[in-house]
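Here the protein sequences line up with chains A and L, keeping their order.
Heads up: the first sequence at position 260 corresponds to 263 in the numbering used here, and the numbers run straight through without jumps.
Heads up: the second sequence at position 489 corresponds to 490 in the numbering used here, and the numbers run straight through without jumps.
A short worksheet on the structure shown next.
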Amino acid sequence: MTKNIPTYPLFSKLDQAGGRAYLQQLSRIVSGSSSLPKYIDEEFRSTVVSSGLPSLDRLLRHKGVRLGTLMEWLEADGDGVASASGATTLALAVAVHLQAANELSERRPVVLVDRARSFYPPSIMPWLESTQSILPQSSSSVRSRVSKKNTVNSREEHLLYIVYPANEADEFWAIDQLLRCPSIAAVVGWPARVSSIAMRRWQLAAKSSGAVGLFVRPSDARREPTWAESRIQVGLSHSLQNRYQHAASCGNIDPAMRQPTSGHWIHSRAFTLMQVSGQWDAMVAVSEPSVECVLDLTSGKEHVGFHETHMNFYETTEQSKCQEKVRRVS
Amino acid sequence: MSGKSTSRIMTIVLPRWPVQRQLLQQPGFREFPIFVCRQNARGVLSVVSWAWVMPPEKRRGIQPVIQPGFSLSEALAVLTSVYGERASRIARILHEDSVGDIRVLETLGRWCHRFSPVVAIGPDVIPGKVKKQSTHSASSLQIDVSDTARFFGGELSLVRMVVWVLAARGIHARAAIADTPAASWAAALCAGRIATKSQQPSGDFCERISRSTRGSTCPKKKGPRSSPHGHWLSRQRRWVLVPPGQQQQFLGSMPIMSLRLPVDVINSLAEVGVELIGQLLRLPRVSLQERFGSVVPLQISCFLGDVSDPLTPLQESDLLGATHSFEMPVLGRDLDGKYFRQLIESLVHQCLRPLVVTNQGVSNLQVRLDTNGVPGSTVFEVGLYKPTAKASHLVDLVMLRFERTHFPREITGVSIEVLSAGALPCRQQTLFRGPAQSDMSQFEILLNRLTSRLGSGAVVEPRLLSDIQPEVSWVAAPVVHVMGTAGSCRSVHLLESKKTQISKSVVGPSRPTFLLARPRLLEVSSFGVHGLPVRFFWKGQIHVVMRTRGPERIETAWWRGPTVRRDYYIFETNRGGRFWMFRGLQKRAWFLHGTYG
Chain A
4 MTKNIPTYPL FSKLDQAGGR AYLQQLSRIV SGSSSLPKYI DEEFRSTVVS SGLPSLDRLL
64 RHKGVRLGTL MEWLEADGDG VASASGATTL ALAVAVHLQA ANELSERRPV VLVDRARSFY
124 PPSIMPWLES TQSILPQSSS SVRSRVSKKN TVNSREEHLL YIVYPANEAD EFWAIDQLLR
184 CPSIAAVVGW PARVSSIAMR RWQLAAKSSG AVGLFVRPSD ARREPTWAES RIQVGLSHSL
244 QNRYQHAASC GNIDPAMRQP TSGHWIHSRA FTLMQVSGQW DAMVAVSEPS VECVLDLTSG
304 KEHVGFHETH MNFYETTEQS KCQEKVRRVS
Chain L
2 MSGKSTSRIM TIVLPRWPVQ RQLLQQPGFR EFPIFVCRQN ARGVLSVVSW AWVMPPEKRR
62 GIQPVIQPGF SLSEALAVLT SVYGERASRI ARILHEDSVG DIRVLETLGR WCHRFSPVVA
122 IGPDVIPGKV KKQSTHSASS LQIDVSDTAR FFGGELSLVR MVVWVLAARG IHARAAIADT
182 PAASWAAALC AGRIATKSQQ PSGDFCERIS RSTRGSTCPK KKGPRSSPHG HWLSRQRRWV
242 LVPPGQQQQF LGSMPIMSLR LPVDVINSLA EVGVELIGQL LRLPRVSLQE RFGSVVPLQI
302 SCFLGDVSDP LTPLQESDLL GATHSFEMPV LGRDLDGKYF RQLIESLVHQ CLRPLVVTNQ
362 GVSNLQVRLD TNGVPGSTVF EVGLYKPTAK ASHLVDLVML RFERTHFPRE ITGVSIEVLS
422 AGALPCRQQT LFRGPAQSDM SQFEILLNRL TSRLGSGAVV EPRLLSDIQP EVSWVAAPVV
482 HVMGTAGSCR SVHLLESKKT QISKSVVGPS RPTFLLARPR LLEVSSFGVH GLPVRFFWKG
542 QIHVVMRTRG PERIETAWWR GPTVRRDYYI FETNRGGRFW MFRGLQKRAW FLHGTYG
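Here it is in structure tokens:
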């Protein structure tokens with residue numbers, strides 16, 4: 004008589020072909036991105052939505068933004084809140100797209116937690132209007148738009164809210180409260196220093212509600228551990244960087260190059276997005292993939308196939324001559 | 002014929018109410034000159050009301066005479082001529098919020114229900130053709146004290162108590178009691194003038210005053226100071242009692258302006274030498290009707306009580322409130338949180354009980370921690386996004402505020418008053434509760450929690466304004482006022498004119514993501530063609546300009562006040578950063594005003 008020796012399910016699964024997937028799930032549990040074993044891959048895929056930027060989607064692990072997670076955007080030069088590198092612009096573009104992406108609700112507002120009181124809303128107002136046109140016309144939204152004619156107090160009007168906390172404690176509390184609300188699409192914040200405990204709280208709060216937290220942080224934060232699912236370093240586009248370095252290396256650039264223009268280069272902006280790792284995520288640190296992205300600042304969407312024209316930043320004939328001159332020098 | 006009516010009406014006039022209301026809500030403004038302005042169709046800002054609360058030792062001999070209706074630039078010029086350039090530089094210019102003013106006035110009116118059940122907002126808007134010139138908005142309350150004055154020790158005691166109690170709350174008021182609303186209003190409006198005349202050495206008028214007021218004097222015996230300036234705390238008489246049936250004799254020497262006649266009628270009468278009420282009353286009413294229509298005879302009849310002029314009581318006259326007084330004063334630091342929560346819960350339940358019957362909910366709540374005779378009892382308000390009748394939610398909001406409230410040393414009692422209530426939203430019940438339905442209520446709960454802890458001004462919704470100057474091209478509208486039952490005027494105005502305003506506002510990629518609170522002077526190390534910067538320092542780094550766009554000239558009109566003349570440029574640097582800078586056309590220096598973060 005032979006006895007069947009019981010084996011642990013984990014070891015038995017490791018012997019099978021699905022062992023790798025099981026390990027991946029286990030790693031997610033350990034890393035905090037999934038604390039519940041029932042959170043299986045099918046559910047993951049159902050909650051992944053596009054970020055609105057195809058280049059960024061390619062870069063992200065789930066080919067999109069997973070609802071109920073956190074994303075960190077790192078500034079290039081570490082300037083902090085009022086940096087000019089464009090990380091906030093990208094975070095806001097994703098947030099505005101997320102409010103229209105979720106089909107379960109009509110429109111979910113985006114909330115900004117601006118402790119520095121420096122955000123300037125007119126810069127993204129056209130984006131909010133453009134998302135209104137792509138929203139599905141559900142019966143209830145049609146009804147509310149009809150009723151809007153008779154009243155000024157309609158929720159359809161409100162797509163963007165700003166919270167002004169007075170101190171760091173209020174800021175963390177407000178972010179935590181906002182991330183726990185299921186009727187909010189995204190929370191954008193600029194927390195400079197976040198402890199891992201606070202970040203973990205935010206992550207669990209976001210997971211319970213499905214809201215997405217988008218945090219713009221200085222580049223120094225890269226050395227800190229994170230509970231965010233993805234951490235994107237925003238930098239100047241490689242092509243532009245090469246050009247600028249090349250122009251600077253030429254020494255005396257013709258002053259005509261810097262002549263003010265009324266060109267259209269301000270309507271778009273080119274970035275290099277690089278997925279970087281936190282201290283606890285060693286797997287991604289092996290290779291840090293990057294993509295180029297050109298954002299249309301008028302609509303908040305990505306310019307697909309716009310790279311070539313965008314890089315031609317010499318816009319007048321006179322400036323083209325300067326460009327040739329630079330080339331000759333080089 | 003006069004004195005037909007036996008009713009007694011008390012009018013409380015709140016001088017410069019738009020400014021007073023702003024100072025009540027933002028006490029920090031007391032140090033600065035405050036101008037509440039209105040923008041006309043051409044964009045010119047005209048002064049509705051102004052004041053500068055300053056200690057008497059700082060006052061100058063010559064007071065600036067700034068009348069309502071002055072353009073802002075005129076007013077600032079007058080202010081500069083008296084107090085110097087710094088005064089106009091530190092002046093705070095606020096937009097008129099007439100609905101907000103009325104809302105606070107209504108709150109005050111509900112508080113006045115303790116004196117009488119009939120309280121009405123005073124009819125301060127001058128009728129007739131002068132609406133466009135009129136700078137008056139409702140700034141008075143009228144209370145029917147016919148049968149209630151005796152409960153307060155008589156009319157004199159009542160009117161004096163009202164003025165003093167309001168003064169203790171930081172509200173300057175003048176009050177008068179007369180037979181008719183019109184006479185009461187005129188007496189309250191001219192209370193200071195009556196006092197001035199009463200200081201004259203002799204005369205029939207002075208005798209009448211002293212006889213009729215039965216010895217009532219001003220709290221300060223010193224003579225009144227004529228004050229065209231905005232010091233409403235000047236020592237003028239603040240209350241007047243008009244004896245029953247004697248308004249014609251008592252107020253005959255008051256100007257006809259106090260009859261609320263149209264300005265063109267007042268000017269016409271002044272041309273023929275009729276400037277006082279007594280002079281007007283001597284004229285035959287038939288001829289007045291032929292000359293000016295029915296306005297003047299009607300006002301005279303209302304003044305004398307010949308026709309009934311009923312008050313329109315405030316709605317929601319039931320002032321809901323609940324109070325708990327401790328047997329002995331309780332030390333604030335020893336107050337047990339659990340017990341305190343239970344106490345608040347019981348008080349909230351008492352307030353909610355009558356509201357729930359009528360399907361109403363609380364939209365604004367005031368909590369007061371009374372102290373043992375020590376001034377400075379803790380008072381705060383809890384505003385809600387939408388009316389609610391959920392007691393646990395209200396208690397949570399109150400407790401959230403208590404987390405950030407400094408308790409007084411000794412507490413003698415806790416009281417809760419419902420300042421405003423509204424109908425509960427009716428929602429279609431469904432068989433299965435959908436996610437959208439629950440999400441909406443959760444969102445409301447979230448906003449209530451945020452505003453309760455952070456303050457109503459900390460949760461805002463951006464609204465664009467039709468102004469070219471970047472600093473004032475948008476406004477942060479508090480969420481509670483936008484969606485609440487009693488909306489703020491400013492927010493409502495913005496919502497109403499949203500479409501036209503957006504078309505005029507400059508939005509999009511030409512505007513930065515972050516705007517500095519104040520433009521910062523930049524250190525530019527080298528300049529290129531046209532004097533544009535090539536290298537500049539910012540946050541300890543050298544930025545080399547690679548691309549430039551501009552200029553975009555922004556220049557404000559001279560009549561708006563301090564002129565702004567700037568040429569804005571967008572610079573892209575070698576690090577990829579974009580900066581919004583301008584060259585001041587007056588100082589010729591470069592300033593950083595925003596970044597494209």
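The C-beta atom is built at its ideal place from N, Cα and C for all residues, glycine as well.
Nothing here was measured: the structure is a model prediction, and the numbers come from that model.
Q. Of all the options A:239, A:241 and A:216, which has the alpha carbon lying nearest to the alpha carbon of residue 229 of chain A?
A. A:216
Q: For residue 67 of chain A, I'd like the list of residues in its chain whose CB is within less than 8 Å of its CB, leaving aside the five on either flank, ordered along the chain.
A: 51, 52, 53, 54 and 60
Q. Can you list, in chain order, the stretches of the alpha helix (DSSP H) that have 4 or more residues and sit fully within the region 7-68 of chain L?
A. 18-26
Q: Would you mind sorting residue 337 of chain L into buried or exposed? The rule is 16 or more other CB atoms within 10 Å of its CB.
A: exposed
Q) Once you ignore the five residues that flank residue 454 of chain L on each side, which residues in its own chain have a CB closer than 6 Å to its CB? A) 401
(Q) Buried or exposed, going by whether 16 or more other CB atoms sit within 10 Å of the CB of residue 546 of chain L? (A) buried
Q) Between the region 458-481 of chain L and chain A, which residues of the former have a C-beta closer than 9 Å to a C-beta of the latter? A) 458, 459, 460, 461, 462, 463, 464, 465, 471, 474, 475, 477 and 480
Q | Exposed unless 16 or more other CB atoms sit within 10 angstroms - verdict on residue 576 of chain L | A | buried
**Q.** Proximal residues to residue 23 of chain L (C-beta, below 8 Å), its chain only, five neighbours per side dropped
**A.** 30, 35, 37 and 95
Q) Taking Cβ-Cβ distances shorter than 8 Å, what residues in chain D pair up with residue 443 of chain L? A) The chain labelled as chain D is not found among the protein chains of the depicted structure, namely A and L.
Q) From the beta carbon of residue 547 of chain L, is the nearest beta carbon of chain A less than 7 Å away? A) yes
Q: Return the chain-ordered ranges of every alpha helix (DSSP H) run that is complete within the region 533-593 of chain L and spans a minimum of 4 residues.
A: none
Q. Is the Cβ-Cβ distance between residue 181 of chain L and residue 306 of chain L less than 7 Å?
A. yes
Q. From which residue to which residue does the alpha helix (DSSP H) around residue 293 of chain L run?
A. 286-293
Q | Spatial distance of residue 147 of chain L from residue 421 of chain L (CA atoms) | A | 27 Å
Q: Tell me whether the beta-carbon of residue 189 of chain A lies closer than 7 Å to the beta-carbon of residue 63 of chain A.
A: no
Q. Comparing the C-beta of residue 131 of chain A with each C-beta of chain L, is any distance below 7 Å?
A. no
Q. Given residue 385 of chain L, which residues of its chain have a CB within under 6 Å of its CB, disregarding the five upstream and five downstream residues?
A. 364 and 449
Q) Residues bridged to residue 280 of chain L by DSSP? A) Paired residue(s): none; residue 280 of chain L is not in a bridge.
Q: Please state if the CB of residue 187 of chain A and the CB of residue 69 of chain A are separated by a distance shorter than 7 Å.
A: no
(Q) Could you tell me the alpha carbon to alpha carbon distance between residue 213 of chain L and residue 100 of chain L, rounded to whole angstroms? (A) Because residue 213 of chain L sits at a pLDDT of 40, beneath the cut-off of 50, its placement in the model cannot be relied upon, and the following sentence gives the value as read from the coordinates. So the two alpha carbons sit approximately 38 Å from each other.
(Q) According to DSSP, residue 69 of chain A sits in a beta bridge with which residue or residues? (A) A:51
Q: Report the rounded CA-to-CA distance for residue 25 of chain L versus residue 417 of chain L, giving the unit in angstroms.
A: 20 Å
Q: At 7 Å on the CB atoms, spell out the chain A contacts of residue 597 of chain L, in chain order.
A: 87, 89 and 92
Q: Taking all protein chains shown into account, decide if residue 123 of chain A is buried (16 or more other Cβ within 10 angstroms of its Cβ) or exposed.
A: buried
(Q) Between the alpha carbons of residue 330 of chain L and residue 165 of chain A, how many angstroms are there, rounded? (A) 41 Å
Q: Specify whether the region 37-51 of chain L and the region 172-192 of chain L touch according to this definition: at least 3 beta carbon pairs, one from each stretch, less than 8 Å apart.
A: no
Q | Own chain, CB closer than 8 Å to residue 369 of chain L, minus 5 neighbours either side, in chain order | A | 378, 379, 380, 415, 416, 417 and 418
Q.
Which same chain residues end up closer than 7 Å to residue 494 of chain L when comparing Cβ atoms and leaving out the 5 residues on each side of it in sequence?
A. Caution applies to residue 494 of chain L, whose pLDDT of 42 falls short of 50 and renders its modelled position unreliable; the value that the coordinates give is listed next. None.
Q) Is the beta carbon of residue 127 of chain A sitting closer than 7 Å to the one on residue 162 of chain A? A) no
Q: Answer yes or no: does any C-beta atom of chain A fall closer than 7 Å to that of residue 501 of chain L?
A: Per-residue confidence for residue 501 of chain L stands at a pLDDT of 41, beneath the threshold of 50, marking its modelled position as unreliable; the derived number appears in the next sentence. Chain A contact via Cβ: absent.
Q: For the alpha helix (DSSP H) containing residue 100 of chain A, list its first residue and its last residue.
A: 90-104
Q. If you draw a straight line from the C-alpha of residue 540 of chain L to the C-alpha of residue 221 of chain A, how long is it?
A. 14 Å
Q) In chain A, which residues lie less than 9 Å from residue 510 of chain L when you measure between Cβ atoms? A) 126, 129, 269, 270, 271, 272, 299, 300 and 301
Q: Using a Cβ cut-off of 9 Å, pull out every chain A residue sitting near residue 507 of chain L, in sequence order please.
A: 125
Q: Please compile the residues from chain L whose C-beta is within a distance smaller than 9 Å of the C-beta of residue 79 of chain A.
A: 576, 577 and 578
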